[in-house]
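Undergrad:
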Amino acid sequence: MAQITLRVPDDLLDRIEDATGPETSRSEYLREAARDRLDDDLLTDELRDDLDDLEARVDRLEEQQPESLIDRLLG
């Protein structure tokens, strides 16, 4: 695996450390963030539209239920 050196502002480093927790290294966190960003860039317009439609459907279903779908699934 290739290595690179990054310079980041102290406040960004603090935010990364707060987000990682003890079980995740900073480098692992940055790799995952880069992968997520690249995956987002690779989404097609059609796929984005499909995701938007699904989110709208979930929102409508949640409006019809007394408790959210997440609460019901994890409840």
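Note that the working numbering has the sequence shown beginning at 1219, numbered continuously upward. In this text, a Cβ means the ideal position worked out from N, Cα and C, and glycines have one as well. Note that the coordinates shown come from a computational prediction; the quantities given were computed from them, not determined experimentally.
#1: Can you give the beta carbon distance from ARG1244 to ILE1234, rounded, assuming they're within the 8 Å contact cut?
#2: Could you compute how far the alpha carbon of GLY1271 sits from the alpha carbon of ASP1277?
#3: Look up SER1245 in the DSSP assignment and say whether it is helix, strand or coil.
#4: Beta-carbon within less than 8 Å of ARG1224's beta-carbon, same chain only, minus the 5 sequence neighbours each way: which residues are those?
TA: Inspection of the coordinates gives the following:
#1: Contact flag correct, Cβ pair sits at about 6 Å.
#2: Checking the displayed sequence, the identity of residue 1271 turns out to be Asp instead of Gly. When only Cα atoms are considered, ASP1271 and ASP1277 end up about 10 Å apart.
#3: helix
#4: The amino acid occupying residue 1224 in the given sequence is Leu; Arg does not appear at that position. Counting only Cβ-Cβ distances below 8 Å, and skipping sequence neighbours, we find LEU1248.
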